[in-house]
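Peer 1: Residue numbers (this note's numbering), protein chains in the order written: chain A, 4 to 93; chain B, 49 to 204; chain C, 65 to 178.
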Amino acid sequence: MNTRTIAAVIFFTIVSVFMLFSVLMIHPFGQPDAQAMDQYIIDNTVNETGTNNGVTAVVFDYRGFDTLGEATVLFTAVAGVMLLFRRLKK
Amino acid sequence: MKGMSKIVKTIANISFPFIMIYGLYIIMHGHLTPGGGFQGGAVVASGIVLILVAHGSDWIQTKIKEHDLSLFESLGAFCFILLAFLGIAFGGVFFTNFMVNTNLPFGQIPIDGAANLNTGGTIPLMNLAVGLKVIAGLFAIVLVMAIATLKKEESV
Amino acid sequence: MIDNLPFIAVAALIIIGLYAVLFRRNLIKIVIGIALIESGVNLFLVTLGYRAGSIAPIYTSSPGGIMSYPVPQALTLTSIVIGVAVLALMLSLIIHIYRHYGSLDVRKLGGEDQ
Numbered sequence: 004m005n006t007r008t009i010a011a012v013i014f015f016t017i018v019s020v021f022m023l024f025s026v027l028m029i030h031p032f033g034q035p036d037a038q039a040m041d042q043y044i045i046d047n048t049v050n051e052t053g054t055n056n057g058v059t060a061v062v063f064d065y066r067g068f069d070t071l072g073e074a075t076v077l078f079t080a081v082a083g084v085m086l087l088f089r090r091l092k093k
Numbered sequence: 049m050k051g052m053s054k055i056v057k058t059i060a061n062i063s064f065p066f067i068m069i070y071g072l073y074i075i076m077h078g079h080l081t082p083g084g085g086f087q088g089g090a091v092v093a094s095g096i097v098l099i100l101v102a103h104g105s106d107w108i109q110t111k112i113k114e115h116d117l118s119l120f121e122s123l124g125a126f127c128f129i130l131l132a133f134l135g136i137a138f139g140g141v142f143f144t145n146f147m148v149n150t151n152l153p154f155g156q157i158p159i160d161g162a163a164n165l166n167t168g169g170t171i172p173l174m175n176l177a178v179g180l181k182v183i184a185g186l187f188a189i190v191l192v193m194a195i196a197t198l199k200k201e202e203s204v
Numbered sequence: 065m066i067d068n069l070p071f072i073a074v075a076a077l078i079i080i081g082l083y084a085v086l087f088r089r090n091l092i093k094i095v096i097g098i099a100l101i102e103s104g105v106n107l108f109l110v111t112l113g114y115r116a117g118s119i120a121p122i123y124t125s126s127p128g129g130i131m132s133y134p135v136p137q138a139l140t141l142t143s144i145v146i147g148v149a150v151l152a153l154m155l156s157l158i159i160h161i162y163r164h165y166g167s168l169d170v171r172k173l174g175g176e177d178q
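Below you can see the structure in the form of structure tokens.
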């Protein structure tokens, strides 16, 4: 039992106890807390965006900047994979 | 890698158009039903990977080069950013939905709260751009990994 | 206590994934553990926005009633795509490691004998 195994066991115990305690103290399932922002989005989606899908309106209209960041991450991953498997022309 | 037997190739050829139509339906109706660009793009990419597994990567390499796939993916990303910048020119802020409730192509007003394919503003166009990007990106990842794990030492 | 079953499932997924990352030697098993942790976090994001007795936030011929919140579902979509991208890069690096060292044991890389 070297120091690496002992450190891994201590870390694992701390995180497991933290997870199990937070499950006991979280709000009950089905009664979330903050309501103002989502209630505004549910009431005004059909008038302001003209779509019938609430999730697509949030992804592309109310929070379009996050979708731009996600498209950048996908582009970087594809560029990285193609860089790793490049064939040099001899 | 070599392809599979004749029966597998025939069944893959028959079922590929249905998978592609289903995926394009999910992309195009993203503002009416659950779905959108990312989900439909993953479905179409699965259909193309089915063709790749059935026919072998040697046959696929004679049809599509990796250079074309990177061209499609860059085209999708460029159209997405172009639609976002046009929001500054017409509306005022970045990512403004400048086509909704006007006389431009996708600008019909929903009647009684029921939208159809013609409403939605810039959202259907953004769905198409992101769907094209996801299709090209996922297929490029699988194709490059399939070529790189051959037995012969011809890649770096 | 049994009503909080989705949150207990989230805690179980994260604990099992963390065990696979910390105490296994094969590189593929470590990658599977990372994928399990990501699945647990995505499930946690979706269950944060549920109201009791609500329907999906779709307006096409909906039966009426209160709707669940759409913002956590939209952020889960982004998280799933980022998970796919990170997994693809990890597997490409594993292919290169296997070609260079000849084995997938994580204690034989780097030249240490522990």
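Backbone N, C-alpha and C define an ideal beta-carbon position, used for all residues, glycine too. All of these numbers come straight from a predicted model, not from anything done at the bench.
From lysine 113 of chain B to histidine 103 of chain B, what does the alpha carbon distance come to, in whole angstroms?
Peer 2: Cα to Cα, the separation comes out at about 16 Å.
Peer 1: Kindly say whether alanine 37 of chain A, judged by its beta-carbon, lies nearer than 8 Å to any beta-carbon of chain B.
Peer 2: Alanine 37 of chain A does not count as touching chain B.
Peer 1: Distance check for glycine 95 of chain B and methionine 68 of chain B, CA to CA, integer angstroms please.
Peer 2: Cα to Cα, methionine 68 of chain B sits roughly 7 Å from glycine 95 of chain B.
Peer 1: For serine 132 of chain C and serine 126 of chain C, what's the separation of their Cα atoms in angstroms?
Peer 2: Answer to the nearest angstrom: the Cα atoms are 13 Å apart.
Peer 1: Taking a cut of 7 Å between CB atoms, which residues from the region 158-170 of chain C lie near chain B?
Peer 2: The residues in question are Ile159.
Peer 1: Please compile the residues from chain A whose C-beta is within a distance smaller than 7 Å of the C-beta of valine 105 of chain C.
Peer 2: Correct list: empty, because the minimum Cβ distance to chain A is about 12 Å.
Peer 1: Which whole-angstrom value describes the C-beta separation of leucine 109 of chain C and glycine 81 of chain C, a residue pair presumed to lie in contact below a C-beta threshold of 8 Å?
Peer 2: With 8 Å as the limit, leucine 109 of chain C and glycine 81 of chain C do not qualify as a contact, their Cβ atoms being about 16 Å apart.
Peer 1: Below 8 Å on C-beta distance, what does proline 82 of chain B contact in chain C?
Peer 2: What proline 82 of chain B touches in chain C: Ala120 and Ile122.
Peer 1: For my contact list, valine 84 of chain A and alanine 120 of chain C are in at a C-beta cut-off of 8 Å; report their separation, rounded to the angstrom.
Peer 2: Not a contact, Cβ separation roughly 35 Å.
Peer 1: Which term fits serine 53 of chain B, buried or exposed, when burial requires 16 or more other beta carbons within 10 angstroms of its beta carbon?
Peer 2: Exposed, by the Cβ-count rule.
Peer 1: Are alanine 134 of chain C and leucine 107 of chain C touching if we call contact CB-CB under 8 Å?
Peer 2: Rather than alanine, the amino acid found at residue 134 of chain C in this sequence is proline. No, the Cβ-Cβ distance between proline 134 of chain C and leucine 107 of chain C is not below 8 Å.
Peer 1: Applying the 10 Å Cβ sphere with the 16-neighbour rule, what's the burial state of leucine 112 of chain C?
Peer 2: Its Cβ being crowded by 16 or more others within 10 Å, leucine 112 of chain C is buried.
Peer 1: Using a Cβ-Cβ cutoff of less than 7 Å, which residues in the same chain neighbour proline 82 of chain B once the five nearest sequence positions on both sides are dropped?
Peer 2: Nothing listed; no residue qualifies.
Peer 1: Below 7 Å on C-beta distance, what does threonine 110 of chain B contact in chain A?
Peer 2: By Cβ distance, chain A contributes nothing, its closest Cβ being about 16 Å from threonine 110 of chain B, past 7 Å.
Peer 1: Find the nearest neighbour of isoleucine 79 of chain C within the set C:Ile144, C:Ile98, C:Ser167 and C:Thr124, judged by alpha-carbon distance.
Peer 2: If we check each option's Cα against that of isoleucine 79 of chain C, C:Ile98 comes out closest.
Peer 1: Against chain C, with Cβ distances strictly below 8 Å, would arginine 90 of chain A count as a contact?
Peer 2: Chain C contact via Cβ: absent.
Peer 1: Pull up the CB-CB distance for alanine 11 of chain A and phenylalanine 87 of chain C, whole angstroms please, since I reckon it's below 8 Å.
Peer 2: With 8 Å as the limit, alanine 11 of chain A and phenylalanine 87 of chain C qualify as a contact, their Cβ atoms being about 7 Å apart.
Peer 1: Please classify glutamine 137 of chain C as buried or exposed, where buried requires at least 16 neighbouring CB atoms within 10 angstroms.
Peer 2: With 16 or more other Cβ atoms within 10 Å, it is buried.
Peer 1: Quick test of the definition: if touching needs 3 or more C-beta pairs under 8 Å, does the region 162-169 of chain B touch the region 76-91 of chain B?
Peer 2: Touching, yes.
Peer 1: Given a threshold of 16 other Cβ atoms within 10 Å of its Cβ, counted over all protein chains shown, does tyrosine 162 of chain C qualify as buried or as exposed?
Peer 2: By the 10 Å Cβ count, tyrosine 162 of chain C comes out exposed.
Peer 1: State the start and end residues of the unbroken alpha helix (DSSP H) segment that holds tyrosine 83 of chain C.
Peer 2: 69-87 is the extent of the alpha helix (DSSP H) around tyrosine 83 of chain C.
Peer 1: Find the residues of chain C that neighbour alanine 196 of chain B, judging by a C-beta separation of less than 7 Å, and give them in chain order.
Peer 2: Residues of chain C passing the Cβ test: Ile159.
Peer 1: Shorter than 8 Å from the beta carbon of glutamine 178 of chain C to some beta carbon of chain A?
Peer 2: Residue confidence for glutamine 178 of chain C is low, a pLDDT of 49 falling below 50, so the modelled location carries little weight and cannot support an answer.
Peer 1: Provide the residue span of the alpha helix (DSSP H) that contains arginine 1 of chain A, from first to last.
Peer 2: Outside the displayed span of chain A (4 to 93) sits residue 1 of chain A, for which this structure offers no information.
Peer 1: Residues of chain C with CB under 9 Å from methionine 193 of chain B, in chain order?
Peer 2: Simply Ala152, Leu155, Ser156 and Ile159.
Peer 1: Short of 8 Å in beta carbon distance, which residues of its chain neighbour phenylalanine 143 of chain B, apart from the five on each side in sequence? Order them along the chain.
Peer 2: Once the five neighbours on either side are set aside, the close Cβ partners of phenylalanine 143 of chain B are Ala132 and Gly135.
Peer 1: Does DSSP put asparagine 56 of chain A in a helix, in a strand, or in coil?
Peer 2: Strand, per DSSP.
Peer 1: Quick check on the burial criterion: 16 or more other C-beta atoms within 10 angstroms. Buried or exposed for alanine 37 of chain A?
Peer 2: Its Cβ having fewer than 16 others within 10 Å, alanine 37 of chain A is exposed.
Peer 1: In three-state DSSP terms, what is asparagine 166 of chain B?
Peer 2: Coil at asparagine 166 of chain B, not helix or strand.
Peer 1: If you follow the alpha helix (DSSP H) that lysine 181 of chain B is in, where does it begin and where does it stop?
Peer 2: Here the alpha helix (DSSP H) through lysine 181 of chain B covers 171-196.
Peer 1: Is the CB of valine 74 of chain C under 8 Å away from at least one CB in chain B?
Peer 2: No, its Cβ sits nowhere closer than 8 Å to a Cβ of chain B.
Peer 1: Over the uninterrupted alpha helix (DSSP H) stretch that includes lysine 57 of chain B, give me the two end residues.
Peer 2: Its alpha helix (DSSP H) spans residues 54-76.
Peer 1: Show which residues of chain C have a CB atom less than 7 Å away from the CB atom of isoleucine 189 of chain B.
Peer 2: Ordered by position in chain C, the residues that pass the 7 Å Cβ test against isoleucine 189 of chain B are Ala152.
Peer 1: Between which two residues does the alpha helix (DSSP H) containing glycine 83 of chain B stretch?
Peer 2: Run containing glycine 83 of chain B: none; DSSP gives neither H nor E here.
Peer 1: Taking only the alpha-carbon atoms, compute the straight-line gap between isoleucine 55 of chain B and phenylalanine 78 of chain A and give it to the nearest angstrom.
Peer 2: Approximately 36 Å, taken between the alpha carbons.
Peer 1: Spatial neighbours of valine 204 of chain B within its chain, please: C-beta separation below 6 Å, excluding the five flanking residues on both sides.
Peer 2: Reliability of the predicted coordinates at valine 204 of chain B is poor, the pLDDT of 46 falling under 50, and the value obtained from them is presented with this limitation in mind. There are no such residues.
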